[in-house]
Structure formats: structure tokens, C-alpha cells
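Structure first, then comments.
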Amino acid sequence: MDDIRIRVLLISPLPPPAGGIATWTQKYLDWSKSNNICVDVVNSSVIGGRAKQINTSINILDEYKRTMIIIRDLKNKIKSFRPNVVHLNTACGKFGLIRDYFCASIVKKCEIPLVVHYRCNIEDQINNNLIQKFFLRKLSCLARVNLVLNTPSKTYLDITFGIEGRLISNFIDNKFIYENKIINTKIFNIVFIGHVQRTKGVREIFEVASHFPEICFSLAGPISSEIKLLKIPKNVILKGQVNLIEVRKLLCNADVFLFPTYTEGFSNALLEAMAAGLPIITTDVGANGDMIESSGGILVQVKNSGDIIRAISKLENKDYREVMSKYNIEKIRKNYLIDIVMDELISIYETAIR
Numbered sequence: 000m001d002d003i004r005i006r007v008l009l010i011s012p013l014p015p016p017a018g019g020i021a022t023w024t025q026k027y028l029d030w031s032k033s034n035n036i037c038v039d040v041v042n043s044s045v046i047g048g049r050a051k052q053i054n055t056s057i058n059i060l061d062e063y064k065r066t067m068i069i070i071r072d073l074k075n076k077i078k079s080f081r082p083n084v085v086h087l088n089t090a091c092g093k094f095g096l097i098r099d100y101f102c103a104s105i106v107k108k109c110e111i112p113l114v115v116h117y118r119c120n121i122e123d124q125i126n127n128n129l130i131q132k133f134f135l136r137k138l139s140c141l142a143r144v145n146l147v148l149n150t151p152s153k154t155y156l157d158i159t160f161g162i163e164g165r166l167i168s169n170f171i172d173n174k175f176i177y178e179n180k181i182i183n184t185k186i187f188n189i190v191f192i193g194h195v196q197r198t199k200g201v202r203e204i205f206e207v208a209s210h211f212p213e214i215c216f217s218l219a220g221p222i223s224s225e226i227k228l229l230k231i232p233k234n235v236i237l238k239g240q241v242n243l244i245e246v247r248k249l250l251c252n253a254d255v256f257l258f259p260t261y262t263e264g265f266s267n268a269l270l271e272a273m274a275a276g277l278p279i280i281t282t283d284v285g286a287n288g289d290m291i292e293s294s295g296g297i298l299v300q301v302k303n304s305g306d307i308i309r310a311i312s313k314l315e316n317k318d319y320r321e322v323m324s325k326y327n328i329e330k331i332r333k334n335y336l337i338d339i340v341m342d343e344l345i346s347i348y349e350t351a352i353r
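With numbering that gives the first Met the number 0, the residue at position 71 of the sequence shown is 70, and numbering never jumps.
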């Protein structure tokens with residue numbers, strides 16, 4: 000792609016802190032640089048206490064400062080970088096949607112095509128909040144293209160506002176694919192990767208671990224203070240924040256990936272687990288069902304430890320896990336590799352510009 004024909008201004012968070020959207024942003028930039036796509040970034044990362052500790056309460060002053068910084072940078076980069084398309088990532092938060100609407104209005108006044116990318120499961124984030132719904136409608140109407148991560152979000156935009164959302168998945172690097180996953184005769188290790196907090200189903204993981212004392216449950220990711228108040232079974236290991244090498248090692252040694260999250264957009268951790276050839280146990284929220292379908296794992300109900308226990312019991316069958324492992328690796332190859340997804344995204348930009 001010719002970097003003169005397409006110049007993308009990305010409004011999105013960068014690490015630190017590490018996280019789903021920030022990690023996606025960094026990978027997006029790395030791929031663009033390698034493929035001669037001209038990109039600049041307005042960094043929308045959180046500041047203050049929220050940058051240091053997950054689940055920290057929102058500080059109004061910090062959010063005001065953050066908004067002013069983002070808007071200032073956006074105006075400056077529109078003038079200096081002169082993009083011909085703007086890509087805005089939004090998590091649809093209460094304050095974030097208002098800020099994103101102001102950013103979108105600036106882009107619209109400059110007559111630059113706007114692509115809005117909803118980085119969440121929209122209905123869960125809006126939760127019938129009238130103010131959020133009001134700004135979501137205005138934001139989606141300003142966009143030339145509305146991108147969604149999962150089928151529930153696409154349906155929500157269509158039914159609520161009559162607006163078409165275009166499905167586009169997250170992506171993963173080729174290096175995450177494990178060519179020869181060893182399937183053990185028994186389940187020895189179950190792994191979870193993500194923010195270790197209640198809304199990711201960690202309470203249920205602890206309950207399930209108590210039912211399977213012979214299985215080691217490893218949880219990797221930033222640990223919320225609320226979790227430290229819970230009783231942690233002896234067969235549960237809290238790894239805390241780990242680097243990429245350690246993540247790959249955990250996935251390589253695991254027999255099952257357990258991800259009982261309450262809400263989700265499109266999980267990068269689930270992508271990595273599928274690429275590692277792991278059978279999946281996860282809730283049917285966000286894109287989880289789209290990803291594993293009925294062949295890559297077992298879908299369970301939210302906050303249902305009994306469902307998870309029954310799923311683990313089913314996966315004790317080695318042949319069952321082997322079929323799931325092969326399915327997940329093949330689905331990653333066909334649908335979620337970074338070259339495939341980014342080529343589609345560049346095509347969307349070109350259409351928006353035309």
C-alpha cells in the first residue's frame with residue numbers, strides 16, 4: 000500500500016499500561032511500519048491512578064486533563080500530519096463516549112473520513128444508560144464506517160439505531176501458532192490469562208479449583224485488590240503481570256484455557272490460547288462464541304461454576320481435546336492472522352476515503 004495515498008491518524012491508547020486495546024495499537028503500528036502504511040497516533044491512554052492500578056475509581060480531574068490533552072493532540076496532528084482517514088478506538092465508557100464524540104466532531108468539521116471502532120461488547124457497556132446511549136448514537140452517526148468486534152454489538156447498533164456495523168476481528172501474529180501441540184492423557188494444568196478480577200470470572204475459577212484439587216490452575220495478569228480478599232485454593236497460582244515469553248510458556252504447558260468472563264469485546268488472550276492449540280472453556284459473551292463456535296471448546300453460562308465443572312469433566316476425554324486443538328489452530332490460520340485482518344482494514348479505509 001502506498002503511504003502517500005493513505006495516511007491514517009489513529010486515536011487509541013498506547014502502553015503503558017498494557018491491555019487489550021493498547022496491545023492491539025502497538026501491533027497495528029508495528030505491522031503498518033513493516034508494510035509502508037503511514038500512521039500517526041493520538042495517545043488516549045488513561046492517566047493518574049487508573050494507569051497504575053486496575054479498577055481504580057475514575058478521578059474527574061484526571062479525566063478532564065486527559066480529555067484536554069487528547070483534543071489538543073488531535074487538532075495539532077490533523078494540521079501537521081494531514082491524514083486522509085481517522086480511526087477512533089472507543090471502549091464506550093461513561094466519560095469516554097463524550098470525549099470520543101468531541102473528537103469525532105473535530106474530525107467531521109475538518110471533512111476527514113472517520114472510522115469508529117467499538118472495542119467492547121456495546122450493549123454491556125451502555126447498560127441502558129441514557130446519556131451513554133445518546134452520545135453513542137451521535138458518535139455512530141458521525142462515522143463513515145462503524146466497526147464492531149462481535150455479532151451482539153452488530154445487532155445492537157442495527158436494532159437500536161438502525162446503523163450498520165461491520166464486523167472485524169482482532170488479530171494475532173504468526174509466531175503464536177504452535178505447530179505440534181502435545182495433548183496429555185489427563186488434564187494437569189488449566190490456565191487463565193487476563194486481568195485477575197471478579198468480572199473476568201475469577202471467583203468462579205477459585206470455586207472450580209476447589210473441586211479439582213489434582214489440577215493446577217495458573218492465573219496470569221494484573222491482580223485487582225478485590226481478589227486478594229477472596230480465599231485462594233492451594234492449587235491456584237497467581238502469577239501476576241507476566242511478559243510475553245512467560246505467557247507463551249504458560250500456554251505451551253497448559254491442557255485447557257479457562258476464560259469465564261462476564262463481558263468481552265474480542266479477547267486477545269482467547270486468540271493466543273486458540274493459536275496455542277488449547278481447548279477452550281469460556282462464557283458465551285462478546286465474540287467468544289463467534290471464535291470457538293461449537294468445535295473449539297465449550298461455552299458455559301456466566302457466573303456458573305457448575306457449568307465449568309461439567310465442561311472440565313467432558314474435556315477429560317483426550318480425543319475430544321485433540322479435535323478441539325486442531326480446530327482452533329486451523330481457525331486462527333484462516334481468519335485471525337494479522338496480515339489477513341490488516342489487509343481487510345486497509346481496504347475499509349480505502350472505501351471510506353473514496
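For glycine and all other residues, C-beta sits at the position ideal for the given N, C-alpha and C.
May I ask you to report which of helix, strand or coil DSSP gives residue 220?
On the sequence shown, residue 220 is found 221 positions in, with the first residue counted as 1. In this structure, residue 220 counts as coil in the three-state DSSP scheme.
How would you label residue 213, buried or exposed, when you count the other beta carbons within 10 angstroms and need 16 or more for buried?
For this step, residue 213 is matched to residue 214 along the sequence shown. That one is exposed.
Does the separation of the CB atoms of residue 85 and residue 111 fall below 7 Å?
Within the sequence shown, numbered from 1, the residue matching residue 85 stands at position 86. Within the sequence shown, numbered from 1, the residue matching residue 111 stands at position 112. Against a cut-off of 7 Å, the Cβ pair of residue 111 and residue 85 comes out as a contact.
Determine whether the beta carbon atoms of residue 136 and residue 101 lie at a separation below 7 Å.
Residue mapping note: residue 136 aligns to position 137 of the sequence shown, counting from 1. Residue mapping note: residue 101 aligns to position 102 of the sequence shown, counting from 1. Not closer than 7 Å, so no.
Rounded separation between residue 79 and residue 140 - CA only
The sequence position of residue 79 within the sequence shown is 80, counting from 1. The sequence position of residue 140 within the sequence shown is 141, counting from 1. C-alpha separation (whole angstroms): 27 Å.
In whole angstroms, what is the alpha-carbon distance linking residue 222 and residue 131?
Residue mapping note: residue 222 aligns to position 223 of the sequence shown, counting from 1. Residue mapping note: residue 131 aligns to position 132 of the sequence shown, counting from 1. Roughly 28 Å separates the two Cα atoms.
Under 7 Å, do residue 295 and residue 323 count as touching if we go by C-beta distance?
On the sequence shown, position 296 is the one that residue 295 refers to. On the sequence shown, position 324 is the one that residue 323 refers to. Result yes, Cβ atoms of residue 295 and residue 323 sit closer than 7 Å.
Taking 7 Å as the limit between beta carbons, can you name the residues of its chain near residue 11, skipping five residues before and five after?
Residue numbering aside, residue 11 sits at position 12 when the sequence shown is read from its first letter. The residues are 20, 24, 40, 43 and 88.
Cα separation between residue 172 and residue 232?
Taking the first residue of the sequence shown as 1, we reach residue 172 at position 173. Taking the first residue of the sequence shown as 1, we reach residue 232 at position 233. In a straight line, the C-alpha of residue 172 is about 34 Å away from that of residue 232.
Applying the criterion that 16 or more other CB atoms from any shown protein chain within 10 Å of the CB defines a buried residue, is residue 27 buried or exposed?
Stepping through the sequence shown from its first residue, residue 27 is reached at position 28. Per the 10 Å Cβ criterion, buried.
If we ignore side chains and look at the alpha-carbon of each, how far apart do residue 142 and residue 184 end up?
Residue 142 sits at position 143 when you count from the first residue of the sequence shown. Residue 184 sits at position 185 when you count from the first residue of the sequence shown. Spanning the two alpha carbons is a distance of roughly 51 Å.
Got a sec, what are the start and stop residues for the beta strand (DSSP E) residue 282 sits in?
To locate residue 282, count along the sequence shown from 1; it is residue 283. Counting along the chain, the beta strand (DSSP E) containing residue 282 begins and ends at 279-282.
Just verifying my parser: in three-state terms, what is the DSSP assignment at residue 141?
In the sequence shown, counting from the first residue as 1, residue 141 sits at position 142. In the structure shown, residue 141 sits in a helix (DSSP, three-state: H, G or I).
I'd like the ranges of any beta strand (DSSP E) spanning at least 3 consecutive residues and lying wholly in the stretch 58-114.
84-89
Looking only at its own chain, which residues have a Cβ that is under 7 Å from the Cβ of residue 235, when we skip the five neighbours before and after it?
Looking up residue 235 in the sequence shown gives position 236. Counting only Cβ-Cβ distances below 7 Å, and skipping sequence neighbours, we find 205, 208, 216 and 218.
Element boundaries [alpha helix (DSSP H), containing residue 202]:
Indexing the sequence shown from 1 puts residue 202 at position 203. Per DSSP, residue 202 belongs to the alpha helix (DSSP H) from 201-210.
Just how far apart, CA to CA, sit residue 0 and residue 352?
In the sequence shown, residue 0 corresponds to position 1, counting from 1. In the sequence shown, residue 352 corresponds to position 353, counting from 1. Per-residue confidence for residue 0 stands at a pLDDT of 41, beneath the threshold of 50, marking its modelled position as unreliable; no derived number is given.
Below 8 Å on the Cβ atoms is my contact criterion, and I expect residue 149 with residue 258 to pass it. Report the Cβ-Cβ distance as a whole number of Å.
The residue labelled residue 149 in the question sits at position 150 within the sequence shown. The residue labelled residue 258 in the question sits at position 259 within the sequence shown. Not confirmed; about 15 Å, so no contact.
Residue 256 - partner residues in DSSP beta bridges
The count along the sequence shown starts at 1 and reaches residue 256 at position 257. According to DSSP, which records beta bridges pairwise, residue 256 is partnered with 190 and 279.
Have a look at residue 354 and residue 300 and give me their C-alpha separation to the nearest angstrom.
As displayed, the chain neither begins before 0 nor continues past 353, which places residue 354 out of reach and without an answer.
Leaving out five residues on either side along the sequence, give the residues of the same chain with a beta carbon under 7 Å from the beta carbon of residue 18.
For the purposes of this step, residue 18 is taken as the residue at position 19 of the sequence shown. Here the set comprises nothing.
Note down the Cα distance separating residue 325 from residue 226, rounded to an integer number of angstroms.
Position 326 of the sequence shown, counting from 1, holds the residue named residue 325. Position 227 of the sequence shown, counting from 1, holds the residue named residue 226. The alpha-carbon atoms of residue 325 and residue 226 are separated by roughly 34 Å.
Quick check on residue 342: does DSSP put it in helix, strand or coil?
Position 343 of the sequence shown, counting from 1, holds the residue named residue 342. Helix.
Cα separation between residue 350 and residue 167?
Taking the sequence shown and counting its residues from 1, one reaches residue 350 at position 351. Taking the sequence shown and counting its residues from 1, one reaches residue 167 at position 168. Going by the C-alpha atoms only, they are around 15 Å apart.
Alpha carbon of residue 305 to alpha carbon of residue 337, nearest angstrom
Here residue 305 refers to the residue found at position 306 when the sequence shown is read from its first residue. Here residue 337 refers to the residue found at position 338 when the sequence shown is read from its first residue. Rounded to whole angstroms, residue 305 to residue 337 spans 36 Å at the Cα level.
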